[in-house]
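J.: Take a look at this one; I'll ask things after.
Numbering (my numbering), first residue to last: 340 to 561.
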């Protein structure tokens with residue numbers, strides 16, 4: 340099994356990597372250290388003012404069902420209202436983000452050697468995909484009350500109601516019905532995993548992100 344894992348690490352790091360002296364413990368330890376670093380950075384990046392709103396990868400925008408409504412609102416000069424609504428959704432996600440850290444770190448502690456081997460032989464975001472499989476339900480459950488409280492704090496529902504009241508009449512019926520709570524919750528969780536994936540890719544490929552001796556040993560190139 341050791342030989343299989345070391346070959347996996349070689350493929351994972353690149354052909355130029357020196358993995359001949361790596362043990363199973365080093366390989367799994369390096370992976371856990373990388374993922375822990377990715378979790379910490381992703382939570383720090385998303386859980387601050389502008390962490391969602393200023394990041395085009397994860398910014399929460401008007402729901403797809405309401406894009407036509409958004410165009411109508413901007414056409415009648417209500418763009419500021421739309422922007423204020425989007426800001427409130429992103430602010431709620433930023434407020435909730437720190438709650439994810441403990442859940443992710445608990446999943447990391449429970450990771451088995453077989454889990455680690457599967458991640459090492461996977462793609463550039465295999466670790467993030469592991470967390471999505473293991474923790475997405477828990478993250479959603481933990482986020483739900485926080486998101487609802489944050490949304491109340493940032494006035495999402497009130498802004499949404501006011502926005503829909505200002506919307507031009509639709510030519511073929513009433514305005515689309517959207518569950519804003521569920522939408523913000525889903526986008527908040529997706530954003531966390533997206534940023535974890537970005538950090539994981541960086542640690543796998545960028546020597547500057549390999550900031551500890553173990554990370555350099557496992558992921559570094561000659």
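Beta carbons: idealized from backbone N, C-alpha and C, even for Gly.
For the segment 408-484, list the alpha helix (DSSP H) runs that are entirely contained and at least 4 residues long, ordered along the chain.
T.: 418-435, 439-448, 452-459
J.: Classify residue 399 as helix, strand or coil using the three-state DSSP reduction.
T.: coil
J.: Along the alpha helix (DSSP H) that carries residue 520, what are the first and last residues, could you check?
T.: Annotation for residue 520: the continuous alpha helix (DSSP H) segment containing it runs 519-544.
J.: Return the chain-ordered list of same chain residues with a C-beta closer than 7 Å to the C-beta of residue 429, the five sequence neighbours on each side being excluded.
T.: Excluding positions up to five away in sequence, the list reads 391, 392, 398, 399.
J.: Report yes or no: do three or more beta-carbon pairs, one from the segment 446-463 and one from the segment 417-435, lie closer than 8 Å?
T.: no
J.: The alpha helix (DSSP H) with residue 570 in it runs from where to where?
T.: Given a span of 340 to 561 for the chain in the structure shown, any question on residue 570 remains unanswerable.
J.: Cβ of residue 435 within 7 Å of Cβ of residue 489?
T.: yes
J.: When you measure from the CB of residue 553 to every non-hydrogen atom of the ligand ATP, does any distance come out below 6 Å?
T.: Annotation note on the ligand ATP: not contained in the displayed structure, which lists no ligands.
J.: How do the segment 541-555 and the segment 402-416 stand: do at least 3 beta-carbon pairs fall below 8 Å, yes or no?
T.: Too few Cβ pairs lie closer than 8 Å, so no.
J.: Report the three-state DSSP secondary structure of residue 551 (helix, strand or coil).
T.: If DSSP states are grouped into helix, strand and coil, residue 551 belongs with coil.
J.: Let me know the secondary structure DSSP gives residue 374 once reduced to three states.
T.: helix
J.: Indicate whether residue 423 and residue 507 have their beta-carbon atoms separated by less than 7 Å.
T.: no
J.: Per DSSP, what kind of secondary structure is residue 558 in: helix, strand or coil?
T.: helix
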